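Below: the structure, in structure tokens.
In the numbering used here, the protein residues as written are 284 to 407.
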């Protein structure tokens, strides 16, 4: 049986792949952020885009924040690096700790093949 979180994560991965197929690798992060917002709207997936000016209404207590919140409980960070590094995972752990979300998704568009990784809350 597929859990709701797994189904939601698969929908997000589909959105990431669609973006990568259209834009390709190696562009500026803002282009992928804009494309993801457009794709999530097109797919009718619930989300909120967060900015540095308003990262989240009192929910995030540190300076690290996700780029998007999807389905009200999945944090998303968009990267343009060649790989997902431990630093990115640590940042996502910090986000999950401060929001109490069960899962976060890291995705990088910085190489020929799209890379993504689910990060689970350390205590959930």
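The C-beta atom is built at its ideal place from N, Cα and C for all residues, glycine as well. Only a predicted model underlies this, so the values are computations on that prediction, with no experimental measurement involved.
Local conformation of residue i per DSSP, three classes
i, result
"residue 406", "coil"
"residue 379", "helix"
"residue 389", "strand"
"residue 330", "strand"
"residue 310", "coil"
"residue 317", "helix"
Residue i burial status per 10 Å Cβ neighbour count (16 or more: buried)
i, result
"residue 411", "Outside the modelled stretch of the chain, which goes from 284 to 407, sits residue 411, for which no answer is possible."
"residue 302", "buried"
"residue 341", "Since pLDDT at residue 341 reaches only 46, below the 50 mark, its modelled position is unreliable, and no value is offered."
"residue 318", "buried"
"residue 324", "exposed"
"residue 326", "exposed"
"residue 291", "buried"
"residue 289", "exposed"
"residue 389", "buried"
"residue 382", "buried"
Cβ separation of residue i and residue j, assumed to be a contact under 8 angstroms, to the nearest whole Å
i, j, result
"residue 399", "residue 299", "6 angstroms"
"residue 404", "residue 386", "7 angstroms"
One or two residues paired with residue i in a DSSP bridge
i, result
"residue 360", "389"
"residue 289", "Residue 289 is not bridged to any residue."
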